[in-house]
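Protein sequences, first through last, are from chains A and B.
For the first sequence, position 164 (counting from the first letter as 1) is numbered 164 according to our numbering, and the numbering increases by one without interruption.
Quick note, our numbering runs 327 ahead of the 1-based positions in the second sequence.
Only one structure is covered here, and it is reproduced in the block below.
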Amino acid sequence: MKAITLVEAVNQALDYEMSADESIVLLGEDIAKNGGVFRATLDLFDKFGAERVLDTPLAESMIAGIAIGMASQGLKPVAEFQFMGFIYSAFDHIISHASRLRNRTRGRLTCPVVYRAPYGGGIHAPEHHSESTEALFAHIPGLRVVIPSSPARAYGLLLAAIRNPDPVIFLEPKRLYRLFKQVVPNTGQALPLDCCFTLMPGDDITLVTWGAMVYETMLAAKQLGETQGIHCEVIDVATIKPLDMEMIIHSVQKTGRCIIIHEAARNCGVGAEIAANLAEHALMSLLAPVQRITGYDTIMPYYRLEKHYMPSVNKIVHTAQEMMEFV
Amino acid sequence: MRVFNLPDLGEGLAEAKIREWYVKAGDSVHVDQPLLAVETAKAMVEIPSPNQGKIANLHAKTGVMVQTGAPLISFHLDEVVEHNQATVVGQLSHSETILENEPDIKPKTAMSTYSKRVQATPKVRQLAQSLKIDLSQVTPSSPHQHITLEDVRAHAKQNHPPLKATANRDIWLRSIPHTSEDLHGARRTMAHVMQSANQQVVLTSLFDDADITALNTPLDGKPRFRGLTLKLIRAMQDACQEMPALNAHFDAENLQRHLFKQINLGIAIDSPQGLFVPVIQNVGSYSDQVLCTKLAQLKSLAENAAFPANLLKHATITLSNIGTIAGRYATPIVVPPTVAIVAVGKVRDKLQWDSITQKCCCHFKLPLSLSFDHRAVTGSEAAYFLKAMITSLAALGDT
Numbered sequence: 001m002k003a004i005t006l007v008e009a010v011n012q013a014l015d016y017e018m019s020a021d022e023s024i025v026l027l028g029e030d031i032a033k034n035g036g037v038f039r040a041t042l043d044l045f046d047k048f049g050a051e052r053v054l055d056t057p058l059a060e061s062m063i064a065g066i067a068i069g070m071a072s073q074g075l076k077p078v079a080e081f082q083f084m085g086f087i088y089s090a091f092d093h094i095i096s097h098a099s100r101l102r103n104r105t106r107g108r109l110t111c112p113v114v115y116r117a118p119y120g121g122g123i124h125a126p127e128h129h130s131e132s133t134e135a136l137f138a139h140i141p142g143l144r145v146v147i148p149s150s151p152a153r154a155y156g157l158l159l160a161a162i163r164n165p166d167p168v169i170f171l172e173p174k175r176l177y178r179l180f181k182q183v184v185p186n187t188g189q190a191l192p193l194d195c196c197f198t199l200m201p202g203d204d205i206t207l208v209t210w211g212a213m214v215y216e217t218m219l220a221a222k223q224l225g226e227t228q229g230i231h232c233e234v235i236d237v238a239t240i241k242p243l244d245m246e247m248i249i250h251s252v253q254k255t256g257r258c259i260i261i262h263e264a265a266r267n268c269g270v271g272a273e274i275a276a277n278l279a280e281h282a283l284m285s286l287l288a289p290v291q292r293i294t295g296y297d298t299i300m301p302y303y304r305l306e307k308h309y310m311p312s313v314n315k316i317v318h319t320a321q322e323m324m325e326f327v
Numbered sequence: 328m329r330v331f332n333l334p335d336l337g338e339g340l341a342e343a344k345i346r347e348w349y350v351k352a353g354d355s356v357h358v359d360q361p362l363l364a365v366e367t368a369k370a371m372v373e374i375p376s377p378n379q380g381k382i383a384n385l386h387a388k389t390g391v392m393v394q395t396g397a398p399l400i401s402f403h404l405d406e407v408v409e410h411n412q413a414t415v416v417g418q419l420s421h422s423e424t425i426l427e428n429e430p431d432i433k434p435k436t437a438m439s440t441y442s443k444r445v446q447a448t449p450k451v452r453q454l455a456q457s458l459k460i461d462l463s464q465v466t467p468s469s470p471h472q473h474i475t476l477e478d479v480r481a482h483a484k485q486n487h488p489p490l491k492a493t494a495n496r497d498i499w500l501r502s503i504p505h506t507s508e509d510l511h512g513a514r515r516t517m518a519h520v521m522q523s524a525n526q527q528v529v530l531t532s533l534f535d536d537a538d539i540t541a542l543n544t545p546l547d548g549k550p551r552f553r554g555l556t557l558k559l560i561r562a563m564q565d566a567c568q569e570m571p572a573l574n575a576h577f578d579a580e581n582l583q584r585h586l587f588k589q590i591n592l593g594i595a596i597d598s599p600q601g602l603f604v605p606v607i608q609n610v611g612s613y614s615d616q617v618l619c620t621k622l623a624q625l626k627s628l629a630e631n632a633a634f635p636a637n638l639l640k641h642a643t644i645t646l647s648n649i650g651t652i653a654g655r656y657a658t659p660i661v662v663p664p665t666v667a668i669v670a671v672g673k674v675r676d677k678l679q680w681d682s683i684t685q686k687c688c689c690h691f692k693l694p695l696s697l698s699f700d701h702r703a704v705t706g707s708e709a710a711y712f713l714k715a716m717i718t719s720l721a722a723l724g725d726t
């Protein structure tokens, strides 16, 4: 079977589910004839036609609003924002309506919409194209926030997001879009939306991460294992909201140490939520203070400096060593 | 072929003078590599390469003034594999690396098999650390199985085992290849006994040589000292008779010493399993022949590391023959309650001036090291003991 990239896995999941479920509609800027700015929706216009794959005007607020209307009337829209940095004008619709529709109507209406957006830095893009603001959505009750980090998880989690009856913010780490490939059987098998994924088992230290930072974290974990004998347990959170704390706590109770790695700015990031949960529920097991390795509390810099903004393999390795020496 | 024209290097600068070329036609260059330096009306500026490729042609020589927008360099561009990545901004990294298939994506199954760490708050851990208490040895009293501050304090009042190797050292150890083993049997006993002896005894050592030239019975021109161990035992017997203070036990608690007439001689024997000190009870009661048989028996028992426990008890003084491999003197450790041990080094030859015959002649010297517990034995007692041994060994050759 041919190995595919993460962006191809997104395409494969959309293709599979649109074939299986006629109520699914795609909308976004340049997603139809052009196939999307990153080619996530390539060939879907040709296959499913203009009624199901819609090019919209350059108006994110409108994209979000139309999708809510569609979702409340029986369609399952999958809307694409070209970049996460363009999403702010759609906030009102997403926060004031999409997240609340079920509650507002006492369950009579749900809002089965998926808002897809490429997110994160590392591709030498200009302003507004590199930020990681997943925490903004994770704070809102009624939204799910899902971030895959491999072609297989992109496929399985996107299927699950589309099938979910409530709104899902589906953030795709664009730096990983074509960074590696994986064999992803096109079986229509969804992955659970409420659990983390343990990518590497270990006893010494738990590395908790998501999105593109999974890549650096895995490199660091391998390096720590091979050269220092420090065995890391690597957890891909995958679903930022609702957070599967049970699995993270379990791991930290075993290892006694935890580093949270995320690309987003530190202050009030999702890492803070995880650390707070560990303080509440795993304090008795901790052998060292929980550490966060994150972006800085600045605007994501222009691309010449973006490498310095994002957590590096070296930083993870160094922090892990320090933690092992803490006790 | 791509032609690179001189860009506007300031705000509306019309021209620039070429000061230096860093590259020539045929060179391969990469993006951002400095190509040349130019002088504008405002400054010296280095111009970096906009492309990756090979330089086809330089359109102007050093010293020439070039107009903004005029051709500067032609490149043969490296062939770039085009990916349909389409993005209007940025550049996606691209590779053909294949990820392994997903590991266990039913993560909850793994959760049943883990061992919880010791449950304790940081405050409790800090207290335990300051008291050098291993928390895994503390029994939690709280219904939630948390160790409390009180649990640690209660544990501290009892005798607690010392803290294990620190995590720090543990981590370093993991980074280099090595083999680890738990000490057991005689090697483990050695570790315990030596550590405890070293902590208790006030060890003092005295060194000298015995002249054993007379014991030499050469074979094929090479020196040979037959039955040396037997002779050493006899010499120690003589020395104990001369100075009974060293054939004794010392009771540090009650500050008593027990002097013995009978000599129970511990003989330190090395084996791959560790150190053994079997004891020959009352050596004085045996004939040379019987003693030789007993020594031979001990040797064979040592090879099998099979000493019955009663054979390892009640030494009153100890002999250690270290010298068969290398080494002249040593500071052997006295094991309480005994107060003395003699270590014997390797025989060596030595030229010695004989003032009577007015000649140089070869003598054979046996290095002796006597360690004693200075709590129980005085320096002169030890010296008399050593002197008696030396005299006895020299005399034994004459018989």
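Beta carbons are placed, not taken as given, at the ideal position from N, Cα and C, and that holds for glycine.
Per DSSP, what kind of secondary structure is residue i in: helix, strand or coil?
i	result
B:Leu602	strand
B:Ser439	With a pLDDT of 47 at B:Ser439, under the threshold of 50, the modelled position of that residue is not reliable, and the figure given next carries that caveat. B:Ser439 falls in the helix class under three-state DSSP.
A:Ser72	helix
B:Lys665	Note on residue identity: the sequence assigns Thr, not Lys, to residue 665 of chain B. Of the three classes helix, strand and coil, the one that applies to B:Thr665 here is strand, per DSSP.
B:Phe634	coil
A:Met200	strand
A:Thr239	strand
A:Thr209	strand
B:Met328	coil
B:Glu392	Per the sequence shown, residue 392 of chain B should be read as Met rather than Glu. Here B:Met392 sits in strand by DSSP.
A:Phe326	coil
B:Gly672	coil
Examine chain A for any beta-carbon lying closer than 8 Å to the beta-carbon of residue i, and answer yes or no.
i	result
B:Ala455	no
B:Gly417	yes
B:Arg480	no
B:Ser422	yes
B:Pro434	In this prediction, B:Pro434 scores a pLDDT of 49, lower than 50, which makes its location untrustworthy; no coordinate-derived value is stated.
B:Arg444	yes
B:Ala447	yes
B:Asn332	no
B:Asn428	yes
B:His473	yes
With a threshold of 8 Å between beta-carbons, can residue i be considered close to chain B, or not?
i	result
A:Glu306	no
A:Val183	yes
A:Val53	no
A:Tyr177	yes
A:Glu325	yes
A:Met300	no
A:Pro311	no
A:Gln223	no
A:Gly28	no
A:Pro126	yes
A:Thr227	yes
A:Lys33	no
A:Ser285	yes
A:Ala3	yes
A:Phe180	yes
Quick one, which of the options has its alpha-carbon nearest residue i's?
i	options	result
B:His482	B:Gly593, B:Ala383 and B:Thr466	B:Thr466
B:Thr367	B:Thr531, B:Asp700, B:Pro664 and B:Gly339	B:Gly339
B:Pro599	B:His701, B:Val669 and B:Ala633	B:Ala633
A:Ala138	A:Val113, A:Leu54 and A:Phe170	A:Phe170
B:Glu630	B:Leu602, B:Asp615 and B:Gln616	B:Leu602
B:Thr424	A:Tyr303, A:Gln12 and A:Leu6	A:Leu6
B:Phe577	B:Asp359, B:Thr665 and B:His421	B:Thr665
B:Glu721	B:Lys640, B:Ala562 and B:Ser696	In the sequence as displayed, the identity of residue 721 of chain B is Ala instead of Glu. The residue with the shortest Cα to Cα distance from B:Ala721 is B:Ala562.
A:Thr227	A:Gln321, A:Val184, A:Leu176 and A:Ala288	A:Gln321
Would residue i count as contacting chain E if we go by Cβ distances under 8 Å?
i	result
B:Ile425	In the structure shown, chain E does not exist; the protein chains are A and B.
*Identify every run of the alpha helix (DSSP H) within the stretch 21–64 of chain A, keeping only runs that are complete inside it and at least 4 residues long; order them along the chain.*
44–48
*Output the residue ranges of the alpha helix (DSSP H) runs that lie fully inside the stretch 531–579 of chain B and measure 4 residues or longer, sorted by chain position.*
555–569
*Using Cβ-Cβ distances below 7 Å, what residues of the stretch 63–83 of chain A are close to chain B?*
none
*In chain order, what residues of the stretch 232–258 of chain A put their CB closer than 7 Å to some CB of chain B?*
Met247, His250, Gln253, Lys254 and Gly256
*What runs of the alpha helix (DSSP H), each 4 residues or longer, lie entirely inside the stretch 136–210 of chain A?*
151–163
*In the stretch 100–131 of chain A, which residues sit with their C-beta less than 7 Å from some C-beta in chain B, listed in chain order?*
Ile123, His124, Ala125, Pro126 and His129
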